[in-house]
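Number of protein chains: 2
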Amino acid sequence: MDETVGDIGEFELINRIDQALLKEGAATPIGTVGIGDDCAAFKPRPGYEILLTCDCMVEGRHFLPDRISPFHLGRRAMTLNISDVGAMGGRPLYALVSLGLKKETFVSNILEMYRGFVAELNPFCATIIGGNLTRSEGPVFIDITVIGEVETGKMLRRTTAKTGDTILVTGFPGQSAAGLRLLKQSPEDENLDNHPLVQAYNRPSHRALEGARIAQSGLATAMIDTSDGLLGDLGHICMESGVGALLVQEELPVSATLQQTAFIMGCDPLDFVLSDSDDYELLITCAPKHAETVCTLISRSGSTSVKQIGTITSNPNTIELLQPDGTRRPLDPLGWDHFAK
Amino acid sequence: MDETVGDIGEFELINRIDQALLKEGAATPIGTVGIGDDCAAFKPRPGYEILLTCDCMVEGRHFLPDRISPFHLGRRAMTLNISDVGAMGGRPLYALVSLGLKKETFVSNILEMYRGFVAELNPFCATIIGGNLTRSEGPVFIDITVIGEVETGKMLRRTTAKTGDTILVTGFPGQSAAGLRLLKQSPEDENLDNHPLVQAYNRPSHRALEGARIAQSGLATAMIDTSDGLLGDLGHICMESGVGALLVQEELPVSATLQQTAFIMGCDPLDFVLSDSDDYELLITCAPKHAETVCTLISRSGSTSVKQIGTITSNPNTIELLQPDGTRRPLDPLGWDHFAK
Chain A
346 MDETVGDIGE
356 FELINRIDQA
366 LLKEGAATPI
376 GTVGIGDDCA
386 AFKPRPGYEI
396 LLTCDCMVEG
406 RHFLPDRISP
416 FHLGRRAMTL
426 NISDVGAMGG
436 RPLYALVSLG
446 LKKETFVSNI
456 LEMYRGFVAE
466 LNPFCATIIG
476 GNLTRSEGPV
486 FIDITVIGEV
496 ETGKMLRRTT
506 AKTGDTILVT
516 GFPGQSAAGL
526 RLLKQSPEDE
536 NLDNHPLVQA
546 YNRPSHRALE
556 GARIAQSGLA
566 TAMIDTSDGL
576 LGDLGHICME
586 SGVGALLVQE
596 ELPVSATLQQ
606 TAFIMGCDPL
616 DFVLSDSDDY
626 ELLITCAPKH
636 AETVCTLISR
646 SGSTSVKQIG
656 TITSNPNTIE
666 LLQPDGTRRP
676 LDPLGWDHFA
686 K
Chain E
346 MDETVGDIGE
356 FELINRIDQA
366 LLKEGAATPI
376 GTVGIGDDCA
386 AFKPRPGYEI
396 LLTCDCMVEG
406 RHFLPDRISP
416 FHLGRRAMTL
426 NISDVGAMGG
436 RPLYALVSLG
446 LKKETFVSNI
456 LEMYRGFVAE
466 LNPFCATIIG
476 GNLTRSEGPV
486 FIDITVIGEV
496 ETGKMLRRTT
506 AKTGDTILVT
516 GFPGQSAAGL
526 RLLKQSPEDE
536 NLDNHPLVQA
546 YNRPSHRALE
556 GARIAQSGLA
566 TAMIDTSDGL
576 LGDLGHICME
586 SGVGALLVQE
596 ELPVSATLQQ
606 TAFIMGCDPL
616 DFVLSDSDDY
626 ELLITCAPKH
636 AETVCTLISR
646 SGSTSVKQIG
656 TITSNPNTIE
666 LLQPDGTRRP
676 LDPLGWDHFA
686 K
């Protein structure tokens, strides 16, 4: 019989989660205070700065419960936080997990979600050391805070791109948006789990290892993850660095699958590549003379590709697309606005 | 005209919040990266450990929107997190604020809530350096992570109470529960804002300054805040320290207001003092020889009272109440269970 949160109550749920973490999670470093006190606590390493990020996923808005397994939901929620730490050049150390759960939520689903969390944390020996469980009458929400570290002086920000820099991007931004569109357009009983674009949406990968490597090299000038979409996040870099950008349309990475699917859907693949998309790729700027080395650093990881897609310009907040016919098209860098839509 | 979140959108809302924080919040220390990058970042102080806590409040469940002003809602949400840091002996440094908002939430109310957050953070020169805004179709939620620091070796935990220790408690636990009961029992249009018990519920105080002072003294063996109720949190100390407790009924702090109100309601004030209550007082254990000094440390702060209410015993997980007639009544230390009820 499938027990619910209401059946076993908060304290027993915490016990079960603790057991699952003990069994499947990485060991917490000695000296760390974990779940079960007023606060979690840890000793920071000398010579490192602390990174903090939090991201919240709400049922129906950031995930479709019928279209993603609890395990992958857990992985996805943790991935997007790890991605933020990686985009600053850091590595994740700890997570706090705050859940809003319905009384009728299945306990087995929650434990599966925690398995997803630790599946993403374990490669970094990072652990869940705190959090909060609360009952919500509304949609389930998953609010995660990830704490990371970055060597002092190595942090990569979005404020420091320079005119003339080369712009690079990893992977294929836009695939996730196309996967979401596919899910929304298809009948509920159609199993699209194995479609590469749906996988890009449901099972995104962060590039935190690549991010840390780039930060260590000291070769990049700015970095950000593409969580607001390629154009939205390039907009953040331009705004914060007081610069502009010229993207070369023919250099934008479009996967064969995206090309095909966009064709079938009757839309331009560029609409996906440039617009809002829940991909967690890295957007990097660096001096042109370092671009090849940065590309090599990323390629060597073996898990993603990288492309040089344009140049930082001196026109503040102006992003243009150099089209194949040589003309320039202005682009609106406004990314996904969670309330206006 | 009152603008809503849907009217101005996420980016403009972030701008307005940033402006309010700049105007009314404490200055962020140099070298700290605040809102507006993938992560917030700060340099930890050598010789200090980092404390992390998060707590979530859901509309209708943890606050009654019609019965608390947005400013006091903000204060309350921040207070309970600061309380957790104080209960470990630390002081708050930074906060991450994650909000789930409805499209129709008034912008002015959100800004008032942020004023409440900073009203609690400013005395510590602590600042909001990150967070997340998301739209929710369900109840509004406020999920706050507070990051604090405590000098290495000074942290006070709930695992270290010793047999024979004196148990102390600050203030008047149970007042908040009585205030909530009053609010729930009274007609919606009755203004109870100035009732001292309703104020205890809507405008609780943390004891973080007292907590830090006690930790600095090195005289306490264990400490916890009473966020799960006096009995619930004493239960946590007993469970985690492998001890029991004997409470002396006549020593339990009952305010005159609580006494009167319980009489009018026809209930025993002890039901409030011992049961679930959203007070943020401190429960402290220490060797009997240090009890007076600890009391003096707390009284000197001038903001709360303190009482010696019992003794730690060697019977694991057994809490008893010594009644005025000399008999002992066993108490069930199970605190507030957020799902079972």
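Residue numbers (our numbering), protein chains in the order written: chain A, 346 to 686; chain E, 346 to 686. Think of the CB as a built atom: it goes at the ideal place given N, C-alpha and C, for glycine as much as any other residue.
- Contact residues of the stretch 608-634 of chain A toward chain E are absent (C-beta to C-beta distance below 8 Å).
- In the structure shown, E/Gln604 falls within a helical segment according to DSSP collapsed to helix, strand and coil.
- Residue state for A/Gly516 is assigned as coil, using DSSP reduced to three classes.
- Look at the beta carbons and you see the stretch 497-512 of chain E touching the stretch 579-597 of chain E: at least three pairs across the two are nearer than 8 Å.
- Straight-line measurement puts the Cα of A/Val452 at about 13 Å from the Cα of A/Val485.
- Taking C-beta separations shorter than 6 Å and ignoring five residues to either side along the sequence, the partners of A/Phe469 in its chain run Arg436 and Pro437, following chain order.
- Listed in chain order, the non-local C-beta contacts of E/Leu528 below 8 Å within the same chain comprise Leu409, Arg412, Leu537, Val543 and Tyr546, local neighbours out to five positions each way being set aside.
- Contact residues of the stretch 511-523 of chain A toward chain E are absent (C-beta to C-beta distance below 7 Å).
- The Cβ of A/Leu396 sits closer than 8 Å to at least one Cβ of chain E.
- A/Ser659 counts as exposed, since fewer than 16 other C-beta atoms from the protein chains shown sit within 10 angstroms of its C-beta.
- Around the CB of A/Asp488, 16 or more other CB atoms lie within 10 Å, so the residue is classed as buried.
- Rounded to the nearest angstrom, the gap between the Cα atoms of E/Tyr625 and E/Val495 is 19 Å.
- The stretch 627-642 of chain A makes no contact with the stretch 594-613 of chain A: fewer than 3 CB pairs, one atom from each, lie closer than 8 Å.
- Across the set E/Thr566, E/Gln594, E/Gly647 and E/Pro675, the C-alpha of E/Gln594 shows the shortest separation from the C-alpha of E/Pro669.
- Against chain E, the beta carbon of A/Pro437 has no neighbour under 9 Å; the closest one sits roughly 10 Å away.
- E/Ser443 reaches chain A at Cys399, Cys401 and Asp488, counting residues in chain order whose Cβ is nearer than 7 Å.
- With a cut-off of 8 Å on Cβ pairs, the stretch 417-429 of chain E is in contact with the stretch 564-573 of chain E, counting three or more such pairs.
- A straight-line Cα-Cα distance of about 20 Å links E/Ala607 and E/Thr515.
- Proximity of chain A to E/Ala385 at the Cβ level (cut-off 8 Å) is accounted for by Leu396, Leu397 and Thr398, in chain order.
- Taking a C-beta distance under 8 Å as the contact criterion, E/Ala506 and E/Ala567 qualify as a contact pair.
- Among the bridge pairs identified by DSSP, A/Asn477 is matched with A/Ser443.
- When the beta-carbon positions are compared, A/Gly461 and A/His417 come within less than 8 Å of each other.
- In the assembly as shown, A/Thr638 is an exposed residue. Its beta-carbon has fewer than 16 other beta-carbons within 10 Å.
- The residues Gly461, Ala464, Glu465 and Arg548, in chain order, have a CB closer than 7 Å to that of A/Arg420 in the same chain once the five nearest residues on each side in sequence are set aside.
- In the assembly as shown, E/Gly445 is a buried residue. Its beta-carbon has 16 or more other beta-carbons within 10 Å.
- Taking all protein chains in view, the Cβ of A/Pro415 is crowded by 16 or more other Cβ atoms within 10 Å, so the residue is classified as buried.
- A/Cys401 carries a strand assignment under DSSP once its states are collapsed to helix, strand and coil.
- A/Gln668 carries a coil assignment under DSSP once its states are collapsed to helix, strand and coil.
- The alpha carbon of E/Leu554 has as its nearest neighbour, out of E/Gln520, E/Ala590, E/Glu535 and E/Thr649, the alpha carbon of E/Thr649.
- Here E/Gly405 has Pro484 as same chain residues with Cβ atoms under 8 Å from its own Cβ, once five neighbours each way along the sequence are excluded.
- Per DSSP, reduced to three states, the secondary structure at E/Val430 is helical.
- A distance below 8 Å separates the beta carbons of E/Thr479 and A/Val403.
- If one requires a minimum length of 4 residues, the alpha helix (DSSP H) runs lying completely within the stretch 349-422 of chain A are 350-369, in chain order.
- With a contact defined as Cβ atoms closer than 8 Å, A/Leu642 and A/Ser562 qualify at about 6 Å.
- Residue nearest to E/Asp347 within the set E/Thr450, E/Ile474 and E/Pro598 is E/Thr450 (criterion: CA-CA distance).
- Excluding its 5 nearest sequence neighbours in each direction, A/Glu355 has C-beta neighbours in its own chain below 7 Å: Leu478, listed in chain order.
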